[in-house]
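Residue numbers (our numbering): 49 to 239. Just so you know, even glycine gets a beta-carbon here, dropped at the ideal spot from N, CA and C. First the structure, in the form of structure tokens, and then the observations on it.
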């Protein structure tokens, strides 16, 4: 069978190679490039979603949580845990003070919703019982309260109590302002 070429000449087809290797190789390379681009885009999307909704890394900017979190140290924030469980006393959490505040702080949960909290002679009392705070450093701070923690809110204090910017100043933190639970530790040996 005779076929016309693009230049108008008649060709029997015998002058063409049986396989056009350049065409096949180019098609394979284009397919591979598309596959790599697809994998790269999905990897970026998954990393973004993971960091936004599941786990992120933070850096300690002050000494309010020393020695649990040293200044300049790194920590992991589990952003997903409080979708399944309620915060507990002793949890170290990342939170925003105001609903629209972008600055995040790190403190320890001391008071739970509905509890009455009071600080007397440097000791924390919850519902009239003294709280054992082996993690607190320099627990000499002025008397405070009594105050009752609102529903769906948590009273937070730093472990280094003389660094004072906590629930004594801005009140209890609503659950909706808690970003996640902190996992302290040395995750990055290089600094």
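Ranked by Cα distance from residue 119, the first of 104, 138, 154 and 192 is 154. Taking one beta carbon from each stretch, the region 202-211 and the region 109-127 have 3 or more pairs nearer than 8 Å; the two touch. Non-local beta-carbon contacts of residue 145 in its own chain, meaning distances under 8 Å to residues more than five positions away in sequence, involve 151, 153, 218, 221 and 225 in chain order. The beta carbon of residue 175 is closer than 7 Å to those of 163 and 164 in its chain, skipping five residues each way along the sequence.
Under the three-state reduction of DSSP, residue 165 is assigned to strand. The Cβ atoms of residue 158 and residue 137 lie closer than 8 Å to each other. With respect to the C-alpha of residue 171, the residue from 161, 191 and 183 having the closest C-alpha is 191. In this chain, the beta strand (DSSP E) harbouring residue 144 covers 140-144. The three-state secondary structure of residue 195, taken from DSSP, is strand. Taking every protein chain shown into account, the CB of residue 167 has 16 or more other CB atoms within 10 angstroms, so this residue is buried. Residue pairing for residue 174: DSSP places it in a beta bridge opposite 165 and 177. In this structure, the alpha-carbon of residue 80 lies about 40 Å from that of residue 231. In the displayed model, residue 134 falls within coil according to three-state DSSP, outside both helix and strand.
If you ignore the 5 residues before and after residue 127, its C-beta comes within less than 7 Å of the C-beta of 101, 102, 103, 104, 227 and 228, all in its own chain and listed in chain order. For residue 201, the enclosing beta strand (DSSP E) has its first and last residue at 201-205.
Assigned with DSSP and collapsed to three states, residue 127 falls in coil, not helix or strand. Under the three-state reduction of DSSP output, residue 213 falls in the coil class, being neither helix nor strand.
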